[in-house]
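Sequences listed follow chains A and B, in order.
With the numbering used here, letter number 417 in the first sequence gets 551, and the count goes up by one each step, no holes.
With the numbering used here, letter number 4 in the second sequence gets 9, and the count goes up by one each step, no holes.
Using N, Cα and C, we set each Cβ at its ideal position, and we do this for glycine too.
Just so it is clear, the structure is predicted and the values come from calculations on it, not from any experiment.
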Amino acid sequence: MKKILIFMLPLLGLTACNDFLNLRPNDKIVPESAEDYSTLLNNMLNEIEYGKVPYILDDFSNIVTNEASVDDLDANIYLGQTNLPIYIGTYINANRTSYYKSVYARIMNCNMMLEGLADDDSELAKKVKAVALAIRGVCHYNVLQQFCDPVVNGAYPSMGIVCVDHFDIEAKLPRSSYEASVRFIENDLKTALGMNMTDTRYMFTPDVINAFMARFYFWTQQWDKALAKAEAIVARYPLLEGDAYKAMFTSRKPVGNVIVKSGVNTLSSTEWDEGNSMQQLQKRPVNKTLIDLFDQPDKDIRYGMMMNAKREVQKKPFAGIRSAEMALIVAECYYHTGEEGRALSAINDLRRHRITGYVDLQMDDLPPVSNANIIKVDAKGNALTPLIAMILNERRKELVMEGDRLFERKRNGRPETWVAYNGFAYTNQKFMYTFPLPYSDIQRVPGLAQNPGYDNVREY
Amino acid sequence: MKTKKIIMICAALLFAGTMLVACEKENKEPDISPVDGEYLMPDPVLLTPDQTEIVRQSVEEYYEAVGS
Numbered sequence: 135m136k137k138i139l140i141f142m143l144p145l146l147g148l149t150a151c152n153d154f155l156n157l158r159p160n161d162k163i164v165p166e167s168a169e170d171y172s173t174l175l176n177n178m179l180n181e182i183e184y185g186k187v188p189y190i191l192d193d194f195s196n197i198v199t200n201e202a203s204v205d206d207l208d209a210n211i212y213l214g215q216t217n218l219p220i221y222i223g224t225y226i227n228a229n230r231t232s233y234y235k236s237v238y239a240r241i242m243n244c245n246m247m248l249e250g251l252a253d254d255d256s257e258l259a260k261k262v263k264a265v266a267l268a269i270r271g272v273c274h275y276n277v278l279q280q281f282c283d284p285v286v287n288g289a290y291p292s293m294g295i296v297c298v299d300h301f302d303i304e305a306k307l308p309r310s311s312y313e314a315s316v317r318f319i320e321n322d323l324k325t326a327l328g329m330n331m332t333d334t335r336y337m338f339t340p341d342v343i344n345a346f347m348a349r350f351y352f353w354t355q356q357w358d359k360a361l362a363k364a365e366a367i368v369a370r371y372p373l374l375e376g377d378a379y380k381a382m383f384t385s386r387k388p389v390g391n392v393i394v395k396s397g398v399n400t401l402s403s404t405e406w407d408e409g410n411s412m413q414q415l416q417k418r419p420v421n422k423t424l425i426d427l428f429d430q431p432d433k434d435i436r437y438g439m440m441m442n443a444k445r446e447v448q449k450k451p452f453a454g455i456r457s458a459e460m461a462l463i464v465a466e467c468y469y470h471t472g473e474e475g476r477a478l479s480a481i482n483d484l485r486r487h488r489i490t491g492y493v494d495l496q497m498d499d500l501p502p503v504s505n506a507n508i509i510k511v512d513a514k515g516n517a518l519t520p521l522i523a524m525i526l527n528e529r530r531k532e533l534v535m536e537g538d539r540l541f542e543r544k545r546n547g548r549p550e551t552w553v554a555y556n557g558f559a560y561t562n563q564k565f566m567y568t569f570p571l572p573y574s575d576i577q578r579v580p581g582l583a584q585n586p587g588y589d590n591v592r593e594y
Numbered sequence: 006m007k008t009k010k011i012i013m014i015c016a017a018l019l020f021a022g023t024m025l026v027a028c029e030k031e032n033k034e035p036d037i038s039p040v041d042g043e044y045l046m047p048d049p050v051l052l053t054p055d056q057t058e059i060v061r062q063s064v065e066e067y068y069e070a071v072g073s
């Protein structure tokens with residue numbers, strides 16, 4: 135009997151196995167306090183400050199590959215650049231699906247912070263929660279912009295994004311409708327804004343959130359809301375000219391009317407990456423269609439900043455939001471809400487800050503729409519008028535090397551263009567403007583809908 | 006002897022139960038891990054004579070502007 139009992143005792147010990155399996159390993163820190171969560175948040179903010187990843191705010195190298203995939207640079211003139219995408223198809227497979235997963239990893243971090251600090255009303259916890267909400271909204275917006283079809287004339291596309299509002303590492307969520315996705319993002323950004331987090335060390339101050347909201351409303355064609363936000367920012371950050379304008383692109387720190395910027399701190403590896411990317415860029419000349427948009431090249435400050443006499447890019451890629459983008463949103467919103475006089479006035483104001491001795495254009499002086507323009511319709515699907523063509527052309531000149539052109543084309547009719555490479559024509563087809571969800575997600579989540587056009591996959 | 010048998014059966018049941026719980030924990034996710042893949046874009050097509058001419062002009066124009 136005694137032997138049996140001795141035999142039984144270790145067996146009884148095994149009944150603790152269930153709990154044992156729930157234990158977390160000792161070498162991992164499980165955040166509990168507001169300080170712990172603020173460390174997690176600071177890691178994410180550091181990623182932006184060092185400009186090493188493009189998941190919340192764009193970074194240097196993503197802007198380079200993004201710009202190379204469209205037409206501000208001329209991929210038909212091959213000067214030996216080997217590492218740049220030639221069209222959107224190569225850009226997609228270069229990094230877009232890993233981008234998707236990485237954005238959701240940041241969203242997961244935000245949800246951890248929001249749930250972990252739900253009952254904590256300390257000042258630090260409030261800051262962390264406000265920033266986590268803002269970043270969650272911005273991340274979902276980034277996914278909406280890249281992985282959903284564009285809005286055309288106010289009509290939402292059929293599919294939205296996967297909206298994740300809680301921390302569950304095993305969740306398998308379907309895509310929401312586009313309308314629900316828009317509401318989700320707006321709610322996050324509005325709530326974050328209402329928390330009035332003004333500590334600049336945490337980056338997402340009301341000005342920054344308002345700037346992202348202007349972008350978001352503009353992308354989803356909520357013209358009135360975008361206009362109100364963008365006008366307020368331009369009023370707070372007036373347009374600059376001359377040396378003050380140039381300094382925004384030469385200074386690593388956010389100066390002038392920069393509202394937010396990535397890569398404000400530097401590491402030697404960052405500088406090496408940037409130098410390498412600039413070398414690659416200079417092997418792809420600036421496209422003549424962009425050069426020809428400068429009607430007064432000798433007097434336009436942007437012309438000399440953009441390139442040298444060999445058509446090599448000189449403007450350093452800018453990842454952030456600055457006031458001129460807001461001014462362009464103002465002009466386009468006025469145009470789409472039928473206030474053409476105000477739209478012209480806004481675009482004249484921008485040109486006045488860029489062109490020495492500029493004389494305002496009147497409605498009758500506007501140049502006709504050029505046949506060389508590959509964008510043929512505006513965001514409402516209407517044929518371009520001289521006024522909207524001018525607004526879009528100014529946008530292209532102003533935001534070159536800022537990662538805007540691909541989305542500009544996506545918003546305005548998704549034009550199909552081709553690029554020559556090794557004797558073949560590679561076409562940017564309409565479907566490519568909406569990037570594919572990762573193949574592994576499609577397999578893992580039952581019923582998760584893929585975007586059209588991505589039926590053929592080579593597994594690896 | 007009877008008691009001994011009952012104890013042995015109980016012990017076996019206890020052990021089996023414990024192992025089941027452990028296995029459930031281990032196998033909560035099916036062991037089919039999703040693979041990743043590269044999306045295949047439509048095949049490029051040979052340049053047409055018109056397209057070749059456009060490229061030729063654009064290259065020529067470039068070298069005229071910047072010098073060779």
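- Per DSSP, the unbroken alpha helix (DSSP H) holding G223 of chain A starts and ends at 222 to 225.
- Taking the Cα positions, V237 of chain A is about 37 Å away from L51 of chain B.
- Of all alpha-carbon atoms in A:K417, A:L267, A:E375, A:S256, the one lying nearest the alpha-carbon of D208 of chain A is that of A:K417.
- Taking CB atoms only, Q62 of chain B has no neighbour in chain A less than 7 Å away.
- Against chain B, the beta carbon of V591 of chain A has neighbours under 8 Å at G42, E43, Y44, L45, listed in chain order.
- DSSP places D208 of chain A outside both helix and strand once states are collapsed to three, so it counts as coil.
- The C-beta of A554 of chain A comes closer than 7 Å to at least one C-beta of chain B.
- Between the region 272 to 287 of chain A and the region 174 to 183 of chain A there are fewer than three inter-stretch CB-CB distances shorter than 8 Å, so the stretches are not counted as touching.
- Non-local C-beta neighbours of A268 of chain A in its own chain, meaning closer than 6 Å and more than five positions away in sequence, comprise A326, F338, I343, ordered along the chain.
- Along the region 570 to 586 of chain A, the positions whose C-beta sits under 7 Å from a C-beta of chain B are P570, P572, Y573, S574, Q577, R578, read in chain order.
- Rounded to the nearest whole angstrom, the CA to CA distance from C297 of chain A to N245 of chain A is 11 Å.
- At least 7 Å separates the CB of K433 of chain A from every CB of chain B.
- Exposed is the label assigned to K433 of chain A, since fewer than 16 other Cβ atoms lie within 10 Å of its Cβ.
- With a beta-carbon spacing of about 16 Å, S457 of chain A and I525 of chain A fall beyond the 8 Å limit used to define contacts.
- By the CB criterion at 7 Å, V262 of chain A and A364 of chain A fall outside the cutoff.
- The Cβ of P49 of chain B sits closer than 7 Å to at least one Cβ of chain A.
- Put simply, of A:S504, A:G376, A:D538 the residue whose alpha carbon is nearest the alpha carbon of Y437 of chain A is A:G376.
- Runs of the beta strand (DSSP E) lying entirely within the region 378 to 425 of chain A and spanning at least 3 residues, in chain order: 392 to 395.
- Contact annotation: in the region 238 to 272 of chain A, no residue has its CB less than 9 Å from a CB in chain B.
- Per DSSP, L307 of chain A has no beta bridge partner at all.
- With the criterion set as a beta carbon lying under 7 Å from some beta carbon of chain B, the members of the region 429 to 461 of chain A are A443, K444, R445, in sequence order.
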